[in-house]
Each structure stands twice: as structure tokens, then as C-alpha cells.
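Worksheet: the structure to be examined is printed underneath.
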Amino acid sequence: MKNQPERALVLRRFPWSESSLVVHVLTREHGRVNLLAKGAYRPKSRFFAVLDLFDELELVWTGAQERELKTLVEGELLVRRAGISRDLGCYEVGVAILELAHLGSRPEKNERELFDLVTKTMDGLESRARKGGGKSAERLRVEFELGFLKLHGLAPALLGCASCGGSAPPVAAEGAGKARAWFSAGAGGRLCGTCAGEARASGRRVGTLPLDVLAEADRMYLAKDQANDHALPEERLERVRDFVERFLDYQLELRPRSHQKFLEHANRNSP
Ligand SMILES: [Zn+2]
12 MKNQPERALV
22 LRRFPWSESS
32 LVVHVLTREH
42 GRVNLLAKGA
52 YRPKSRFFAV
62 LDLFDELELV
72 WTGAQERELK
82 TLVEGELLVR
92 RAGISRDLGC
102 YEVGVAILEL
112 AHLGSRPEKN
122 ERELFDLVTK
132 TMDGLESRAR
142 KGGGKSAERL
152 RVEFELGFLK
162 LHGLAPALLG
172 CASCGGSAPP
182 VAAEGAGKAR
192 AWFSAGAGGR
202 LCGTCAGEAR
212 ASGRRVGTLP
222 LDVLAEADRM
232 YLAKDQANDH
242 ALPEERLERV
252 RDFVERFLDY
262 QLELRPRSHQ
272 KFLEHANRNS
282 P
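For the record, in the sequence shown the residue sitting at position 249 is 260 according to the working numbering, with numbers rising by one throughout.
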């Protein structure tokens, strides 16, 4: 069984035997697909240097649907994004995004939204790596993570109360610290005082987060202020990333490799 040519991005590559390669790819229509590219390391192979990370490809494979490993029969490069690999910051973010795309994609299911989100982010990284300017790699990372949560139906409530849908005023100020709001990952995000009390009584963990982090995450959410791309101080971006990645890890019930080093640091949003 041969598929129609399909757009794909390589998520992972593994050497296989002397000269072949196994690749896990994200496709638009068939989600995650595992492919054997025979002879991919031979200079004369038609797959030689086609199966690189970050590039957009068009692939055709064969193999019964229930087989875990299909055989790649045609591979064509659609969009080369060679800049990402030449800029360390962009490369790190690119690898992190592929890791999340691998974790968040289903085999043999349509993953159009995820595919388009990954593609858009890779285009941003490539443009940043080549021309500078525009959004920083770190900002593209956090916007991707927020978009990833959204398309999996896991987006946290950032402005209103996750539980009752009403407004969620700041916690009564305790001293001179920055304004904060109740927040519970288990309850789905920001909470009002009443719902925070109820969540705690039912055994959920409830903490607080700074208002500026929640407001910034909301602005970055699906990159919705793209038209008005204000400069974002690095320190605040780090705190937004800290919040988003801890929330994401909670929802995934695991900590991706690309989050580990960053989150070894004490919580940057602790009171
Ligand atoms: Zn509430």
C-alpha cells in the first residue's frame, strides 16, 4: 500500500544497519510515521541528505497500515531550513520543539494543527537564524509551547477563573511583593479566591503566580500580539517559560529532556 505524497518533518533519526536510516516523521494527514530509508547514507541514494532535521519534505512510503515500520520509497525536499543548525540558540529550540511534537503526535492520525504549528515555528527560527531580528528563539519556544497546550485542549486559564469562569482578582497583597493570583495546574489554571479555597479543600495543590507572568503568557498565547511585537525583557520571558514548562510537564505527566536543565533551577515564580 502506497500513500499519496505527504508533507513531513523528521522528528528523530536512527542509523540502521550499514547504510540505512530509520526516521520518525510527523506528517499532516497520518500523524507520526516510522520509516525505513534503505541506503540513506550512500551518496548515490535518492534519500542522501534529504532526511535532515527541520526541513519540510514530501514523502511516499509503502507498507500495510498495521506495520510499525513502513518503507520510504520517495523523498523530496520542499523547504530547506539549513540556518537553524548553524545558530546554537535556534538549534536548541528546534530540537526541543521536535521532542514535544514527537510526544504530542499520534500514529496514523491526522495532525494538521500540530504540523502547521511546528512548521510555522520552524519558519520563525529559520528566519531568526538567517536574518536576525524578529522574535527571539526563546520567545518562539514559549509561543510554541502555549500553542501546543491549546491544540491538545490543555491551555491554562490565564485571566479568569478556570473553575467558575468568573473573574479571578489578585490575592490580597502580603507585603511589598508583586501582585499574584491563585493558580492550580490540577484545576486548570488561574482561580478566584472562592474556587481556590474549594480546590484546596478537595486536596488539590494551589499556589500563586505573579500577575505579570500570567498577562504576558496571555499576550504570547497563539502569538496573538504578533502585529504589536513589543520587546519582552529576557527576565520576564524566562519566568513565563518556567511557568509554561512546569504546567506542560504536569499535563504530560513527564519531563521532556529539553525541559530538564532549565527546570533544575528553583521555581522562578516562587513568592
Ligand atoms: Zn472561581
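Beta carbons are placed, not taken as given, at the ideal position from N, Cα and C, and that holds for glycine.
Residue i Cβ short of 8 Å to ligand 1 heavy atom set
i	result
residue 174	yes
residue 219	no
residue 177	yes
residue 169	no
residue 202	yes
residue 206	yes
Secondary structure of residue i, DSSP reduced to three states
i	result
residue 90	strand
residue 69	strand
residue 81	strand
residue 272	helix
residue 96	helix
residue 24	strand
residue 230	helix
residue 105	helix
residue 170	coil
Unbroken alpha helix (DSSP H) run spanning residue i, endpoints
i	result
residue 138	123 to 142
residue 158	148 to 162
residue 263	245 to 263
residue 212	204 to 212
Straight-line Cα distance separating residue j from residue i
i	j	result
residue 102	residue 66	13 Å
residue 216	residue 131	35 Å
residue 211	residue 219	12 Å
residue 21	residue 224	33 Å
residue 152	residue 104	6 Å
residue 230	residue 40	30 Å
residue 146	residue 273	20 Å
Residue range of the unbroken beta strand (DSSP E) whose run includes residue i
i	result
residue 278	Here residue 278 belongs to no beta strand (DSSP E), and DSSP marks it neither H nor E.
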